[in-house]
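Engineer:
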Amino acid sequence: MKAKLRLVLSFSIFLTSFSLWSQQDYWQHQLTTSKSDGFKSGEVIQLFTLNQEAFQNAVASSSKSKTLLWFPDAQGKIRAFQMEERSVMHPDLQAKYPQIRSLVGFSEDGKTRIRLTISPNKLALMIRQQGEKDAFLEKEGEQYRLYARGSHKEEKNFECKTPERDPSELPPQLVDDQTLRTYRFAVSTTGEYASFHGGTVEGALAAINTTVSRINEVLETDMGVRLELIANNDQLIFTNSTSDPYSNNLNAEVQNALTTRIGEAAYDVGHLFHRDNDNGNAGGIGTVCQNGIKGAAFSSALTPEGDRYDLDYVAHELGHQFGANHTWSFQTEGTGVQAEPGSGTTIMGYAGITGANDVASSGDDYYHYNSILQMTTYLGTTTCGTETAISNQPPVITEQPDYQIPVGTPFVLEGVASDPDAGDQLTYCWEQIDNGVVTNSIFGPNNTNGASFRSLPPTVEPYRYFPRLSRIVSGDLTQSGPTNGSAWETLANVARAYNFALTVRDNAAGGGQVDADQIRIEVLDSYTPFQVTSQGDSPTYAAGSIQTLQWDTGGTEQGSISATKVDVYFSADQGVSFPILVASGLLNDGEAQIQIPGNATTQGRLMVRPQNQIFLAVNSTDITVTETAALLNVESLELAGCQDSTLDIPFTYEAYGGFSETMTLSATVPSGVTASFSQPTVSATDTALNLELSNLNAVPAGSYTLTLMADGGGESYSVDLNLVLLDSAPGAVELQSPAANATAVSIGTALNWTAISGVDSYEWQIATDAGFSSIIDQGTTSFETISPEGLVGGTQYYWRVRGTSACGAGAYSTVRTFTTATISCDTVVVDTLPVSISSGAPSTEEIQIPVTQNLPISSVTVRVLITHTFVGDLVLRLRSPSGTTVTLLSQSCGGGQDIDALFTDEGTGLSCGGVAPVVSGNILPQGALSAFAGESSQGVWVLEVEDTANADGGSIEAVSLEYCVEGDFRPDADGDGVFDDGDDLCLGTPPGQEVDINGCAVYRFADNAFQIEVNSESCRSSNDGLIRVVVNATVAAFDLNATLTGDGVNQSLDLSAANTFENLSAGTYRLCIDGMDGGNTYEQVCFDLEVTQPDVLQVQSQIEAALSQVVLEMSGAEEYEISLNGNVQTTQASSIRLSLEEGINVLKVKTDKSCQGEFAKTIVIGQEATVAPNPVGAIGMIYLPQNLTKLRTRLYTLSGQLLVDRTLQAEAGLLQYPTAELSSGIYFLTLEAPFYTKTVKIIKP
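The sequence shown maps to residues -22 to -1, 1 to 1223 in mature numbering (1 follows the signal peptide of the UniProt record, and there is no 0).
(1) Kindly indicate which three-state DSSP category Leu351 falls into: helix, strand or coil?
(2) Does the distance from the CB of Ile1220 to the CB of Thr1197 come in under 9 Å?
(3) Suppose the cutoff is 6 Å on Cβ atoms and the five residues either side in sequence are ignored; what does the same chain contact list for Glu500 look like?
(4) Apart from the five residues on each side of it in sequence, which residues of its chain come closer than 8 Å, Cβ to Cβ, to Thr1215?
(5) Buried or exposed for Val1074, going by 16 or more other Cβ atoms inside 10 Å?
(6) Asn255 to Val897, Cα distance in whole Å?
(7) So, is Ser321 buried or exposed, given that buried needs 16 or more other C-beta atoms within 10 angstroms?
(8) Going by the CB atoms, is the gap between Trp306 and Thr332 shorter than 9 Å?
(9) Label Ile1204 either buried or exposed according to how many other C-beta atoms from any shown protein chain fall within 10 Å of its C-beta, with 16 as the threshold for buried.
(10) Can Asn211 be considered in contact with the ligand MG, in the sense that its beta carbon sits closer than 8 Å to one or more heavy atoms?
(11) Could you give the C-beta distance for Thr1023 and Ala987, rounded to a whole number, given that I count them as a contact under 8 Å?
(12) Where does Gln299 sit, in a helix, a strand or coil, going by DSSP?
(13) Is the beta carbon of Met585 closer than 9 Å to that of Leu643?
(14) If we call anything under 9 Å between Cβ atoms a contact, is Thr1038 one with Val1007?
(15) For Ile350, collect the residues of the same chain with a Cβ closer than 6 Å to its Cβ; drop the 5 residues on either side in sequence, then sort them by chain order.
(16) Given this structure, state the Cα-to-Cα distance separating Ala795 from Gly768, to the nearest angstrom.
(17) Taking the alpha-carbon positions, what's the Thr777 to Leu469 distance?
(18) According to DSSP, is Leu480 helix, strand or coil?
(19) Rounded to the nearest angstrom, how far is the Cβ of Pro859 from that of Gly788, given a contact under 8 Å?
(20) Which residue comes first and which comes last in the beta strand (DSSP E) that contains Glu198?
(21) Of the choices Glu924, Ser938, Gly1191, whose alpha-carbon is the least far from that of Pro828?
(22) Can you tell me where the beta strand (DSSP E) holding Lys1139 begins and where it ends?
(23) Give a yes or no on whether the C-beta atoms belonging to Ser219 and Ser173 are separated by under 9 Å.
(24) Reducing DSSP to helix, strand and coil, say where Lys74 ends up.
(25) What does Gly248 pair with, by DSSP beta-bridge criteria?
(26) Just list the alpha helix (DSSP H) runs in the stretch 92 to 141, keeping only unbroken ones of 4 residues or longer that don't cross its boundaries, in chain order.
(27) Does DSSP put Ile450 in a helix, a strand or coil?
(28) Just mark Asn226 as buried or exposed, buried being the case when its beta carbon has 16 or more other beta carbons within 10 Å.
(29) Taking Cβ to Cβ, would you say Gly736 is nearer than 9 Å to Ser783?
(30) Beta carbon of Arg64, beta carbon of Gln72: below 9 Å?
(31) Among the residues of its own chain, which have a CB less than 6 Å from the CB of Ala52, if the five just before and after it don't count?
(32) Let me know the secondary structure DSSP gives Pro69 once reduced to three states.
(33) What does Cys1050 pair with, by DSSP beta-bridge criteria?
(34) Near Val(-15), what residues of its chain come up, given a Cβ to Cβ distance below 8 Å and the 5 sequence neighbours on each side ignored?
(35) Measuring straight from C-alpha to C-alpha, what distance separates Gln536 and Thr640?
(36) Which one of Thr800, Val660, Pro834 has the shortest CA to CA distance from Thr721?
Here is the structure:
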């Protein structure tokens, strides 16, 4: 697939030339340090001084021709730049402020471009140099500091408050019209901003000039847009914070200021520069050219200057004004363009301000592909600005195919682009464009949504390794929970799809253009990781030696990937680069003999990469290669020749370590074979040579070992080659499988045959006729198996194979035929819908789709109809009965509403509609539905609908699954799910009728067929409970029988005669009812029942003596009868408070069931001891003041005789005195305790 971007960057050039001054005249390098205030520790900061007078003289000395000025480059090297005037001001404004200027400069090699801004007091420089981070030269005190982007150490707290816009439908191609668009830019400032820059209009305008110049460098490069300050922009600069029109509603205030002071017709886009806490708000997404909102934007910072303010803040908010949403993905905005993991790092990201989700501490100075796409699409709808046609031609990208790779396997994407304009320096930027929320906790090898790879700045290299090559070499292929500054790159260990965009910028002087391309990569879990398994023990090899290389193919030589050949590369710098081709066209069978290169190193590595593929593998440890003075580097260690021809063996002589002696070449060959070298001796390294073998028919066909040798200067080298000598073309190939005349063959079947010695490759053909006039697939392979594509079901095919070798092509094999299995398709419509999607907390609904047929899946599609008020919250997944899960849609289309789509591998890429339903038509799912191929269709399929956010909800209205299988469906004419070819014993059941495993109708009682009444025991252990069955009139005529079991009961009733089970004790019972209606037997229905008994009456009393009250807590009944001192009341409350009288209170509690018992208690209120009841029984109950516990007691007769003197213990204000042994009469009992004495009368009857 391909999406184009050719954006034009052209400059209105006002040539101002300068006299050629020597670099020594005005720049002096003072210091290089890794310690500087305001910068991170370890960052290299270079300090320079500028001879201001000499520099101004150079600038003032103008002529009519271009000339050079000297400035530090990104590395601090003073070099010459060809300078051109590139004013960012309207000519009238420039004429008014001639000492405030903006220029662009180009290095002589074309690899560095600078943006220079000049004011009376200082200059500022932005440096863009190939292979380096953008650098900045800014004045600090009397010196100039040169630093790289991202060197500042203080953390950013910037907050963009721009409200997100619902995504609009984006075109498949980017704007490409060779047009430079210039927009009139109105910049107002607050008094705080102007005060920071000297408190004058000139000082503020100089700072604005620097910011706009730097932003123009990015806009012109990335999207062909230039900003020009309006002619009266100085009228918008306020120098007094108390009198400026700005307070705490900056968006509305700046819009009002622009409208009232200059009018809406005077500008195309406006912005307020402010000094305050770091934040900004563009006022909306896509506001350029729109009156009333095009100026409602501001950017604020405590330090409103420098690279972060200019590019992280102002360029970010301007990106919103030009139509771009955020590209970060640490939380959802539902815009469809959140394709940078975590905070992101491009201009529309949030680098350095999202805490744990920070990818880096600072951003990079370019817009993401998605941002460019949004902005150019929006600007294509506007009518303001000035359009200027330019002649610079766009770069042209060679379109690439989509790819498939195994799980857990590194890969490299390499663009091929050209530019019709000589001298343009192309840069390449590969970016993942998969939308989805990816926080640092989500990021990892098992995530199937969103980005797995961060964006990296454009480079001159057309390729990018995934993950970066250093991590591949170190074996760090996956990453979970990444931190600030870490890679933020991970391979997938599960099936998923990647979508990438390549953006090529031509960076042309005087104007540039951009082209773009998209590719899709499917990560397949039907393969295992492709990896090198040898050279894992840090081996040491002699240069030129022959070694065994082994790798795990992961099955990639077969199936849809079908990578049959591999190339091997060598790195001598620990994997920084792999420039040395060791072997080419090796069979991808997992093992090969290779010749170690002559480059001596202790940091060697080997890479294996299949031809015409993007995936690769590197061995796990460094290889030491010891130097050899000279070697013979052969193109192939495996040779094949034919007896009736000659054989050329090309090789290269290589010398190392300064060895330059002459060496004599020789070879050991089979007796009778003639060996002739292109030259007999050699001394110059990198000499291309050839050995010709002739008279090969002097030896019989077979396998031979040849040895090439070089001797001389005290050194020698030899290398063995394997030669297979053939006497004729290969014989007929013997086909293996499928068997001849096989039927019901899977369309994904492999075709196999027997290997033939000496064969280089096999040619195969598949046709639909025996004469092969209708060939549907053909090809060449080095293996003895193929997996053909394009087979269809229920078709007879013919196939044949022949081998080819050095002696030519053999005859085709005997033709075989096979017939593929019929493809049967069915659609299952879910009948349990609709199902609501909650607008409350995030939730997941699972819609079950049962399939009864048991055949291998050929293809699957799923139709979904969902109403939802924010589709960007939804994730849709389809899970097979085998557990395979494919993501259909993931948090796309933002605040758009509703889905009405068929998800199919034959669909088109998602394009969000402008009206509901925003997802519609035949949609290509995020994952490949082909992942289900070959699995059994039988079981419950599940559509998962995950709503990831609250506030919005909806409903799943309709779901259907169309599945196609290989083979004929088993018959099921009545549709009861029991197949008619032997399993169904009751054919022809009515549609919708429930059946058993035999296909026979199952009859069930209606839910209201029976009403069960339960009467519990009237009193505890009364055994008078009953269970009554009330039969509904609809089944009254049935033959019904009820059985009751439980608690020792096992009784049955004929419900036509009786319907009550009586004399039941408390307990649990199971009641089951059987029935027949004529010949139809109904399924038994059972009820679990409980007969209860009244609880024991329980009363807890709490006396509150100080209040003369008692609190009762009662349980065991619904109503209670309470008697207190003869006063009776009833209550249904379980808690009650009662007032007590002074002295003795008699309390009783009971229920309406005597079997529950009665609670009784006597309570004494007062400070004197009281005997109650009196007369006493065997124990005298003496109620005491509550604080008395231990008492001395003395019992006297009526006549005063002391009978008993003892000490007793009272509990809870009650003393129990033993009186059982006393004779009838009247006694006096004296009670003594500290500070208490009391005598009470006791009457013993």
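Don't be surprised by glycine CBs; every beta carbon is placed ideally from N, CA and C.
Structural biologist: Quick look at the numbers:
(1) Indexing the sequence shown from 1 puts residue 351 at position 373. Looking at Leu351 - three-state DSSP - the assignment turns out to be helix.
(2) For the purposes of this step, residue 1220 is identified with residue 1242 of the sequence shown, where counting begins at 1. For the purposes of this step, residue 1197 is identified with residue 1219 of the sequence shown, where counting begins at 1. In this structure, Thr1197 lies closer than 9 Å to Ile1220 by Cβ.
(3) Numbered from its first residue, the sequence shown carries residue 500 at position 522. Only Gln382, Ala475, Ala906 meet the Cβ criterion.
(4) Residue numbering aside, residue 1215 sits at position 1237 when the sequence shown is read from its first letter. Cβ within range, chain order: Thr1208, Leu1209.
(5) On the sequence shown, residue 1074 is found 1096 positions in, with the first residue counted as 1. Exposed, by the Cβ-count rule.
(6) Position 277 of the sequence shown, counted from the start, is the residue given in the question as residue 255. Position 919 of the sequence shown, counted from the start, is the residue given in the question as residue 897. Near 41 Å, if we compare the C-alpha coordinates of Val897 and Asn255.
(7) On the sequence shown, position 343 is the one that residue 321 refers to. The residue is buried, with at least 16 neighbouring Cβ atoms inside 10 Å.
(8) Here the question's residue 332 lines up with position 354 in the sequence shown. Here the question's residue 306 lines up with position 328 in the sequence shown. Cβ atoms of Thr332 and Trp306: closer than 9 Å.
(9) Counting from one through the sequence shown, the residue named residue 1204 turns up at place 1226. Flag for Ile1204 reads exposed.
(10) As far as ligands go, the structure on display features none, and thus does not contain the ligand MG.
(11) Sequence index remark: in the sequence shown, residue 1023 carries index 1045 (1-based). Sequence index remark: in the sequence shown, residue 987 carries index 1009 (1-based). Contact between Thr1023 and Ala987 fails: their C-beta atoms lie close to 20 Å from each other, not under 8 Å.
(12) The residue given as residue 299 occupies position 321 in the sequence shown. Correct three-state label for Gln299: helix.
(13) Position 665 of the sequence shown holds residue 643. Position 607 of the sequence shown holds residue 585. No. Outside cutoff.
(14) One-based indexing of the sequence shown puts residue 1038 at position 1060. One-based indexing of the sequence shown puts residue 1007 at position 1029. The Cβ atoms of Thr1038 and Val1007 sit closer than 9 Å to each other.
(15) Here residue 350 corresponds to residue number 372 of the sequence shown, with the count starting at 1. These residues qualify, in order along the chain: Asp200, Met201.
(16) Position 817 of the sequence shown, counting from 1, holds the residue named residue 795. Position 790 of the sequence shown, counting from 1, holds the residue named residue 768. The sequence shown places Thr at residue 795, rather than the Ala named in the question. Their Cα atoms are separated by approximately 16 Å.
(17) To locate residue 777, count along the sequence shown from 1; it is residue 799. To locate residue 469, count along the sequence shown from 1; it is residue 491. Position check: residue 777 holds Trp in this sequence, whereas Thr was assumed. For Trp777 and Leu469, the distance between alpha carbons rounds to 39 Å.
(18) Here residue 480 refers to the residue found at position 502 of the sequence shown. Three-state DSSP puts Leu480 in a strand.
(19) Numbered from 1 along the sequence shown, position 881 holds the residue referred to as residue 859. Numbered from 1 along the sequence shown, position 810 holds the residue referred to as residue 788. With a Cβ gap of about 47 Å, Pro859 and Gly788 do not count as contacting.
(20) Within the sequence shown, numbered from 1, the residue matching residue 198 stands at position 220. Note, Glu198: premise wrong, no beta strand (DSSP E); alpha helix (DSSP H) at 179 to 201.
(21) Position 850 of the sequence shown, counting from 1, holds the residue named residue 828. Measuring from the Cα of Pro828, the nearest candidate turns out to be Ser938.
(22) For the purposes of this step, residue 1139 is identified with residue 1161 of the sequence shown, where counting begins at 1. Its beta strand (DSSP E) spans residues 1136 to 1143.
(23) Here residue 219 refers to the residue found at position 241 of the sequence shown. Here residue 173 refers to the residue found at position 195 of the sequence shown. The answer is yes: Cβ separation under 9 Å.
(24) Residue 74 sits at position 96 when you count from the first residue of the sequence shown. It is helical.
(25) In the sequence shown, counting from the first residue as 1, residue 248 sits at position 270. BP columns for Gly248 point to Ala164.
(26) none
(27) One-based indexing of the sequence shown puts residue 450 at position 472. Correct three-state label for Ile450: helix.
(28) Within the sequence shown, numbered from 1, the residue matching residue 226 stands at position 248. It counts as exposed.
(29) Reading the sequence shown from its first residue, position 758 is the one you call residue 736. Reading the sequence shown from its first residue, position 805 is the one you call residue 783. Result yes, Cβ atoms of Gly736 and Ser783 sit closer than 9 Å.
(30) The residue labelled residue 64 in the question sits at position 86 within the sequence shown. The residue labelled residue 72 in the question sits at position 94 within the sequence shown. Against a cut-off of 9 Å, the Cβ pair of Gln72 and Arg64 comes out as no contact.
(31) The sequence position of residue 52 within the sequence shown is 74, counting from 1. Only Ile105, Gln107, Glu110, Ala113 meet the Cβ criterion.
(32) Along the sequence shown, one-based indexing puts residue 69 at 91. Here Pro69 sits in helix by DSSP.
(33) The residue you call residue 1050 lines up with position 1072 of the sequence shown. According to DSSP, which records beta bridges pairwise, Cys1050 is partnered with Thr1021, Cys1064.
(34) Locating residue -15 in the sequence shown gives position 8, counting from the first residue. Annotation note: pLDDT 30 at Val(-15) (below 50); position unreliable, no value reported.
(35) Indexing the sequence shown from 1 puts residue 536 at position 558. Indexing the sequence shown from 1 puts residue 640 at position 662. Their Cα atoms are separated by approximately 48 Å.
(36) Indexing the sequence shown from 1 puts residue 721 at position 743. Ranking the options by Cα distance to Thr721, first place goes to Thr800.
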